[in-house]
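Just so we're aligned, residue 1 is where the sequence shown starts under full-length UniProt numbering, counting upward by one.
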Amino acid sequence: MSDGEIAPVASSSGGKANPIAKNAERLQRLKKLHAKRNEGSRMNHQEVVEEYKRNQLPKNWAKKREWIDKKLEDEKRKEEAKEQGEDYERKMLLEIQADEAERWEQKKNSKKNPETGFSTYEDATIRVYNRNIKAYKPSLEEYEKVKDEVGDEAFYAGRDTLLHGIRKDSKEAVDRMVEDLNKQIERKCKRSRRRAFDDEADIDYINERNMKFNKKLERFYGQYTTEIKQNLERGTAV
Numbered sequence: 001m002s003d004g005e006i007a008p009v010a011s012s013s014g015g016k017a018n019p020i021a022k023n024a025e026r027l028q029r030l031k032k033l034h035a036k037r038n039e040g041s042r043m044n045h046q047e048v049v050e051e052y053k054r055n056q057l058p059k060n061w062a063k064k065r066e067w068i069d070k071k072l073e074d075e076k077r078k079e080e081a082k083e084q085g086e087d088y089e090r091k092m093l094l095e096i097q098a099d100e101a102e103r104w105e106q107k108k109n110s111k112k113n114p115e116t117g118f119s120t121y122e123d124a125t126i127r128v129y130n131r132n133i134k135a136y137k138p139s140l141e142e143y144e145k146v147k148d149e150v151g152d153e154a155f156y157a158g159r160d161t162l163l164h165g166i167r168k169d170s171k172e173a174v175d176r177m178v179e180d181l182n183k184q185i186e187r188k189c190k191r192s193r194r195r196a197f198d199d200e201a202d203i204d205y206i207n208e209r210n211m212k213f214n215k216k217l218e219r220f221y222g223q224y225t226t227e228i229k230q231n232l233e234r235g236t237a238v
C-alpha cells in the first residue's frame with residue numbers, strides 16, 4: 001500500500017452503533033415535532049374558543065367594559081373624597097377645563113329628558129308624559145281609596161266600561177291639571193314667539209322665507225364674507 005492510498009476503515013462494534021444513535025436522534029426530533037404540533041393545536045383551539053366567546057358578546061362590549069371600569073374608578077374616588085370630607089363634584093370640576101365642564105354638565109342634564117327635536121306626535125306625547133310623571137308624586141293611600149270607591153270593574157276599565165259620573169275629581173287634582181296646562185301654554189308661547197322686527201337692519205331679502213335663509217347664511221359664513229360685502233357696498237369690489 002502506497003502513501004497516497006487511504007486504508008479502509010475496519011468494521012467494528014463502534015461502527016454498528018452509528019445507525020442506532022441516528023435512529024434515537026430521529027425519534028427524539030420526531031417527539032419534539034409531535035409536541036410542537038400538539039402545542040400548536042392546543043393554542044389554535046384556545047384561540048378559536050376565545051374568538052367564539054368574543055363573537056357572542058355585544059358589539060359595544062369593549063366600550064361598555066371601558067365605561068364600567070371608569071364607573072368603578074369614579075365610585076372609588078368618590079368614596080375616598082367622602083372619607084376625606086371633600087366635595088367630589090367640585091374636586092373633579094377643578095381638574096378639567098371650563099369648556100369640558102360645561103359640555104359634561106349639558107350631557108348630564110340631557111340624559112334626564114333629552115331634547116331631540118320634533119320627530120312624531122307620538123314621541124312628543126311620550127316626552128310630555130315622562131316629564132309630567134316625574135313631577136307627580138303618587139299616593140298609595142289615594143290609590144286604594146279610589147279603588148274601593150269605584151270598584152274593580154270601573155277601576156280596571158275596558159273599552160265597554162262606562163266611566164262617566166262614577167267619580168268626581170278632587171279640587172287639588174283639577175288645580176294641578178290647570179297649573180300644568182298653563183305651564184305648557186307658557187312654554188309653547190316662549191318657543192313659538194315671533195322675533196322682534198328691527199327697523200334699522202339692512203333689507204337684503206324679498207320675503208320672510210328669504211330673510212330666514214339669509215340669516216342662516218350670515219350665521220355660518222358671515223365671518224368669511226364681511227370684507228366682500230363691505231367692498232360691494234363701497235363699490236370697490238374687484
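For every residue, glycine included, the Cβ atom is placed at its ideal position computed from N, Cα and C. All values derive from a computational prediction rather than experimental measurement.
If I measure Cβ to Cβ from residue i and keep anything under 7 Å in the same chain, skipping five residues before and after, which residues do I get?
i, result
"Y221", "none"
Helix or strand or just coil, what does DSSP make of residue i?
i, result
"Q97", "coil"
"K59", "coil"
"D69", "helix"
"Q84", "coil"
"I228", "helix"
"G40", "helix"
"G222", "helix"
"T236", "coil"
"E200", "coil"
Cutting at 8 Å between CB atoms, please list the residues of its own chain near residue i, excluding the five before and the five after it.
i, result
"P58", "K64"
"Q28", "none"
Discussion item. Which runs of the alpha helix (DSSP H) at least 4 residues long sit entirely within the stretch 134-187? Give them in chain order.
Written reply: Taking only runs of at least 4 residues, the alpha helix (DSSP H) segments lying wholly in the stretch 134-187 are 140-155.
Discussion item. Check whether the stretch 139-152 and the stretch 162-181 touch, using three or more Cβ-Cβ pairs below 8 Å as the test.
Written reply: By the Cβ rule, the stretch 139-152 counts as touching the stretch 162-181, because three or more pairs are nearer than 8 Å.
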